[in-house]
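Numbering (the working numbering), first residue to last: 243 to 556. We put the beta carbon where it would ideally sit given N, CA and C, even for glycine. Input: a single structure, listed below in structure tokens.
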């Protein structure tokens, strides 16, 4: 059965529970029947720290020790790096219906912006995150860098375009990142276009702590990242809108043993990249969905359904 058919089966079954429940202070759980999870937003770290496929019992998030899925990480304006969002002070609150978990990072002298996040359950197998970032001062080439750390048993994939000398066709080409001498020690980046490539090298990633050296690859064909269990096909998929996401980033798999890059088994979304004037708000829409993929290309169909549906356009 295809991943799309599985989602349709759940849609036709009894209504899923699309609510959150408070757990320990700063932790919120959900159980849709198909997907169980825990979101941490305790003022010191933020992310989906537990994500379990109910059908197989597979744990899909790498926690501990890493912050999980859809964790806001670095924030930049041009070459300026601000304090990391994941560990910056924030507050979380459920709405009365328990269908929405709001997380707010208030502005401060060292963070001249406010970020408001809103988690909702888009369906029984999908977690949506809407972000609104409001500038309190001019912010050139503003970026929110969102990290995800799938379980180590999963293997990453994405889809890229042909290069210019191959004809430059936009037809998606599957790419599964593997270590190679040219790449080892670098994180991998797949920009939307040439302008986005320049943002990766404007100095923002040279700022400590933990500066990053990127190896930039082909342009992405869709702002979609996946991490799949090669035996069961169970996958975590991350979706963004092209206008929101100027680059995808990834670690690689390194047969024979992990290095300092492969050991993170991480995926990243670079959001924004545009100048924000004081008072201006940038809005981003993301989805994390779990599906059993018979083939990697089924992810493209699921992405297209989300992109063309209402959740990506709100």
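Looking only at 500, 424, 388, the smallest Cα-Cα distance to residue 480 is reached by 388.
Comparing alpha carbon positions, the residue from 466, 310, 395 closest to residue 433 is 466.
By DSSP's assignment, residue 334 forms a beta bridge with 345. Setting aside the 5 residues that flank it on each side, residue 316 is surrounded in the same chain by 323, 326, 387, each with a C-beta closer than 7 Å to its C-beta; the list follows chain order.
Beta bridge pairing from DSSP links residue 414 with no other residue. Contact between the segment 390-398 and the segment 301-309 is present: 3 or more CB-CB pairs across the two stretches fall below 8 Å.
Counting along the chain, the unbroken alpha helix (DSSP H) around residue 545 starts and ends at 540-550. About 7 Å separates the CB atoms of residue 501 and residue 426; that is less than 8 Å, so the two are in contact. The beta carbon of residue 410 is closer than 8 Å to those of 403, 404 in its chain, skipping five residues each way along the sequence. Counting the other CB atoms within 10 Å of its CB gives residue 472 a total below 16, which places it among the exposed residues. In chain order, 283, 285, 288, 345, 346, 347 place their CB closer than 7 Å to the CB of residue 332, counting only its own chain and leaving out the 5 sequence neighbours on each side. Contact between residue 454 and residue 429 is confirmed by a C-beta separation of about 5 Å, below the 8 Å threshold. When the Cα atoms are used, residue 279 and residue 407 turn out to be separated by approximately 45 Å. The shortest C-alpha to C-alpha distance from residue 476 to any of 328, 442, 540 is the one to 540.
Counting C-beta atoms within 10 angstroms of its own C-beta, residue 514 has 16 or more neighbours from the protein chains shown and is therefore classed as buried.
In the three-state DSSP reduction, residue 369 falls in the strand class (E or B).
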